[in-house]
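Participant:
2 protein chains.
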Amino acid sequence: MNNEKTNILLVEDDANLGSLLQEYLSAKGYNTKLATNGKEGFDLFCKQDFDLCLLDVMMPVKDGLTLAKEIRVNNKVVPIIFLTAKSMKEDTLEGFNAGADDYITKPFSMEELLVRIQAVLRRSSKQLSGNTEQAEFGVGVYKFNSDKQLLDYNGATQKLTTKEAALLRLLCIHKNDILDRNFALKSIWHDDNYFNGRSMDVYIAKLRKYLKDDAKVEIINIHGKGFKLLVNS
Amino acid sequence: MNNEKTNILLVEDDANLGSLLQEYLSAKGYNTKLATNGKEGFDLFCKQDFDLCLLDVMMPVKDGLTLAKEIRVNNKVVPIIFLTAKSMKEDTLEGFNAGADDYITKPFSMEELLVRIQAVLRRSSKQLSGNTEQAEFGVGVYKFNSDKQLLDYNGATQKLTTKEAALLRLLCIHKNDILDRNFALKSIWHDDNYFNGRSMDVYIAKLRKYLKDDAKVEIINIHGKGFKLLVNS
DNA sequence: CCCCCCGTTTAACTTTTTTTAACAGCATCT
DNA sequence: AGATGCTGTTAAAAAAAGTTAAACGGGGGG
Numbered sequence: 001m002n003n004e005k006t007n008i009l010l011v012e013d014d015a016n017l018g019s020l021l022q023e024y025l026s027a028k029g030y031n032t033k034l035a036t037n038g039k040e041g042f043d044l045f046c047k048q049d050f051d052l053c054l055l056d057v058m059m060p061v062k063d064g065l066t067l068a069k070e071i072r073v074n075n076k077v078v079p080i081i082f083l084t085a086k087s088m089k090e091d092t093l094e095g096f097n098a099g100a101d102d103y104i105t106k107p108f109s110m111e112e113l114l115v116r117i118q119a120v121l122r123r124s125s126k127q128l129s130g131n132t133e134q135a136e137f138g139v140g141v142y143k144f145n146s147d148k149q150l151l152d153y154n155g156a157t158q159k160l161t162t163k164e165a166a167l168l169r170l171l172c173i174h175k176n177d178i179l180d181r182n183f184a185l186k187s188i189w190h191d192d193n194y195f196n197g198r199s200m201d202v203y204i205a206k207l208r209k210y211l212k213d214d215a216k217v218e219i220i221n222i223h224g225k226g227f228k229l230l231v232n233s
Numbered sequence: 234m235n236n237e238k239t240n241i242l243l244v245e246d247d248a249n250l251g252s253l254l255q256e257y258l259s260a261k262g263y264n265t266k267l268a269t270n271g272k273e274g275f276d277l278f279c280k281q282d283f284d285l286c287l288l289d290v291m292m293p294v295k296d297g298l299t300l301a302k303e304i305r306v307n308n309k310v311v312p313i314i315f316l317t318a319k320s321m322k323e324d325t326l327e328g329f330n331a332g333a334d335d336y337i338t339k340p341f342s343m344e345e346l347l348v349r350i351q352a353v354l355r356r357s358s359k360q361l362s363g364n365t366e367q368a369e370f371g372v373g374v375y376k377f378n379s380d381k382q383l384l385d386y387n388g389a390t391q392k393l394t395t396k397e398a399a400l401l402r403l404l405c406i407h408k409n410d411i412l413d414r415n416f417a418l419k420s421i422w423h424d425d426n427y428f429n430g431r432s433m434d435v436y437i438a439k440l441r442k443y444l445k446d447d448a449k450v451e452i453i454n455i456h457g458k459g460f461k462l463l464v465n466s
């Protein structure tokens with residue numbers, strides 16, 4: 001997981017709508033470059049790698065469909081979403097043929113656009129990077145693999161049960177930070193009732209036993225909030 | 234590229250619309266299976282490999298969102314398109330979170346649906362074309378051919394029975410990932426009752442014996458969920 | 001046609017994992 | 001300090017999975 005912002009190329013000839021969208025997307029954490037026609041859009045596209053293109057279909061100088069085709073010549077994978085004024089089917093069809101990944105009809109809500117952007121990005125990220133769910137955790141002198149449900153220490157290997165591993169995994173993800181009781185209950189037990197809460201306490205006790213050989217490792221309780229896996233370095 | 238027809242799972246509770254769509258899609262060259270609620274839909278999904286799922290959101294017995302989540306547990310790549318009666322934003326958002334690839338609002342034209350189907354299929358084939366029907370699997374030091382039902386290791390060859398091979402095949406497809414109990418039961422036994430569950434446990438034991446000569450290969454149980462074929466590389 | 005063989009299911013028993021229960025201890029607030 | 005609600009711990013009951021062997025049942029050879 002890298003920390004870089006997602007880069008979006010927005011090509012929209014209506015200056016008002018354009019800057020509105022740009023601001024909204026920036027507020028949502030996307031790095032957005034704006035062009036006001038297809039020609040400008042293509043210039044920008046050539047200068048930088050984008051993660052997503054939002055193209056208005058109806059534009060002066062060079063329309064969105066033409067731009068999309070040009071982009072596709074150079075990049076077969078970058079997601080493209082069309083903004084279309086009319087819901088004419090021919091447009092839609094042509095758009096998809098030009099290699100669009102989605103289209104959205106004006107007028108649309110910001111929220112709707114955001115949802116579609118996220119969906120398209122999720123697809124494209126699924127495509128490329130193999131999902132990176134961390135499985136190996138270092139916990140003081142121990143090494144924990146949540147996939148294999150194994151806790152290694154000094155050559156010895158302790159097999160963990162499914163629930164033990166799931167809970168330790170959450171603690172590791174939140175290492176030196178608080179793991180909220182209800183959050184843990186909902187993600188592992190899918191329900192935060194009284195008995196599941198007690199069950200979780202039982203598992204905390206088990207984990208403490210497994211981890212007792214390293215004094216630097218400790219699971220402390222935050223009264224009324226949850227637990228914290230402390231690892232002193 | 235093989236010549237087989239594209240298989241579509243259509244789940245729609247309105248019988249009229251359902252069969253209409255089925256006929257239309259068949260006319261367009263798609264092989265379409267129809268279910269009228271989420272439960273039926275999941276049963277069909279377990280029994281066959283589909284290239285695309287078309288799910289109505291509002292359905293009795295089990296709704297489309299729930300079904301989509303279940304499908305996603307077992308198959309992270311098959312494209313899902315929702316058919317939604319209302320254009321409610323919450324639905325849309327929830328749908329995408331459930332792993333949808335697109336959604337289409339009723340009423341829609343057949344042509345519009347077809348365009349979206351083609352777009353989604355184009356994307357998914359772009360993703361990883363060499364999909365499915367794999368017969369040869371490497372499992373640590375073993376080589377497993379699910380068509381021939383043979384497990385080779387170090388020159389020796391172990392003949393597998395039909396059920397042994399089917400189960401090992403599912404485990405291989407989900408290698409290093411969880412194979413859901415119910416999914417396996419429905420795929421292989423077509424019914425997930427108590428006795429079939431015990432039968433499956435018996436077969437897990439058999440497979441463990443066959444695979445015991447490679448310490449890097451292990452079938453672990455995920456309590457209450459299913460099994461995971463671990464292969465250390 | 002009957003019987004045997006083989007894959008599969010059912011059964012019975014064991015072990016492991018998880019949940020529930022009970023009680024003791026501790027935190028926080030008044 | 002006393003009341004109340006959380007947490008720690010241990011043991012039991014319950015549920016799920018591991019294992020082994022006998023029962024079942026369909027197809028092929030005698």
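Protein sequence lines, in the order shown, are assigned to chains V and R.
This note's numbering applies: residue 1 is where the first sequence begins, and numbers increase by one.
This note's numbering applies: residue 234 is where the second sequence begins, and numbers increase by one.
Glycine included, C-beta positions come from ideal geometry on N, C-alpha and C.
Between N409 (chain R) and chain V, is any beta-carbon pair separated by less than 8 angstroms?
Facilitator: By this cut-off, N409 (chain R) is an interface position.
Participant: So who's on the other strand from D152 (chain V), going by DSSP bridges?
Facilitator: Answer is V:K143, V:T157.
Participant: With a threshold of 6 angstroms on Cβ separation, who are the neighbours of L229 (chain V) within its own chain once the five nearest residues in sequence on each side are excluded?
Facilitator: If we look at L229 (chain V) and ignore the five residues flanking it on each side, its Cβ neighbours are L171, K175, I219.
Participant: With a threshold of 8 angstroms between beta-carbons, can H456 (chain R) be considered close to chain V, or not?
Facilitator: Yes, because at least one Cβ of chain V sits closer than 8 angstroms to the Cβ of H456 (chain R).
Participant: What separation, rounded to the nearest whole angstrom, lies between the Cα atoms of I117 (chain V) and S187 (chain V)?
Facilitator: One C-alpha to the other measures close to 26 angstroms.
Participant: Rounded to the nearest angstrom, how far is the Cβ of K339 (chain R) from that of T317 (chain R), given a contact under 8 angstroms?
Facilitator: Confirmed, Cβ separation roughly 7 angstroms.
Participant: Leaving out the 5 sequence neighbours to the left and right, which residues in its chain are closer than 7 angstroms to K439 (chain R) when beta-carbon positions are compared?
Facilitator: The answer, listed in chain order, is E397.
Participant: Could you please give the first and the last residue of the uninterrupted beta strand (DSSP E) stretch that includes G459 (chain R)?
Facilitator: It spans 459-464 - the beta strand (DSSP E) in which G459 (chain R) sits, taken as one unbroken run.
Participant: By the 10 Å Cβ neighbour count, where 16 or more other Cβ atoms means buried, how is Q48 (chain V) classified, buried or exposed?
Facilitator: Q48 (chain V) comes out exposed.
Participant: A448 (chain R) by DSSP, collapsed to three states: which one?
Facilitator: Coil, per DSSP.
Participant: Quick one: grab the DSSP three-state call for V11 (chain V).
Facilitator: Three-state DSSP puts V11 (chain V) in a strand.
Participant: Any beta-carbon of chain V closer than 8 angstroms to the one on I304 (chain R)?
Facilitator: No, its Cβ sits nowhere closer than 8 angstroms to a Cβ of chain V.
Participant: Specify, as a first and last residue, the run of the beta strand (DSSP E) that A268 (chain R) falls within.
Facilitator: 263-268 is the extent of the beta strand (DSSP E) around A268 (chain R).
Participant: Could you tell me which chain V residues have their CB closer than 7 angstroms to the CB of L463 (chain R), listed as they occur along the chain?
Facilitator: Correct list: K148.
Participant: Can you tell me which residues form a DSSP beta bridge with G138 (chain V)?
Facilitator: V:K143.
Participant: Among V:T36, V:N16, V:L25, V:L9, which residue has its Cα nearest to the Cα of I71 (chain V)?
Facilitator: It is V:L9.
Participant: Could you tell me the distance, in whole angstroms, from the CA atom of F341 (chain R) to the CA atom of A399 (chain R)?
Facilitator: Their backbone Cα atoms lie some 40 angstroms apart in a straight line.
Participant: Consider the Cβ of I452 (chain R): report whether some Cβ of chain V lies at a distance smaller than 8 angstroms.
Facilitator: Cβ-Cβ to chain V under 8 angstroms: no for I452 (chain R).
Participant: Helix, strand or coil for D56 (chain V), going by three-state DSSP, please let me know.
Facilitator: D56 (chain V): strand per DSSP, three-state reduction.
Participant: In chain order, what residues of the same chain lie with their CB nearer than 6 angstroms to the CB of D284 (chain R), ignoring the 5 residues before and after it?
Facilitator: Contacts found: T239, N240.
Participant: Pull up the DSSP beta-bridge partners for Y210 (chain V), would you.
Facilitator: According to DSSP, which records beta bridges pairwise, Y210 (chain V) is partnered with nothing at all.
Participant: Going by CA-CA distance only, name the one from V:G64, V:A27, V:N16 that's closest to L38 (chain V).
Facilitator: Note that residue 38 (chain V) is Gly in the sequence shown here, rather than Leu. It is V:G64 whose Cα lies nearest to the Cα of G38 (chain V).
Participant: Quick check: L300 (chain R) and G274 (chain R), are their CB atoms within less than 8 angstroms of each other?
Facilitator: The answer is yes: Cβ separation under 8 angstroms.
Participant: Which residues in chain R have a C-beta closer than 8 angstroms to the C-beta of T162 (chain V)? List them in chain order.
Facilitator: Within chain R, the residues near T162 (chain V) are N454, I455, H456, G457, K458.
Participant: CA-CA distance, N429 (chain R) and R355 (chain R)?
Facilitator: The straight-line gap from Cα to Cα measures roughly 38 angstroms.
Participant: Would you call the CB atoms of D447 (chain R) and G388 (chain R) closer than 8 angstroms?
Facilitator: Not in contact: D447 (chain R) and G388 (chain R) (Cβ atoms no closer than 8 angstroms).
Participant: Using DSSP's beta-bridge definition, name the partner residues of L412 (chain R).
Facilitator: In the DSSP output, where bridge partners are listed per residue, L412 (chain R) has R:F460.
Participant: With H, G and I counted as helix, E and B as strand and the rest as coil, what does DSSP make of D63 (chain V)?
Facilitator: Here D63 (chain V) sits in coil by DSSP.
Participant: Assign N16 (chain V) to buried or exposed, taking buried as 16 or more other Cβ atoms, counted over all protein chains shown, within 10 Å of its Cβ.
Facilitator: Answer is exposed; the Cβ neighbour count stays below 16.
Participant: From the DSSP secondary-structure annotation, give me the bridge partner or partners of D284 (chain R).
Facilitator: Paired residues: none, contrary to the question.
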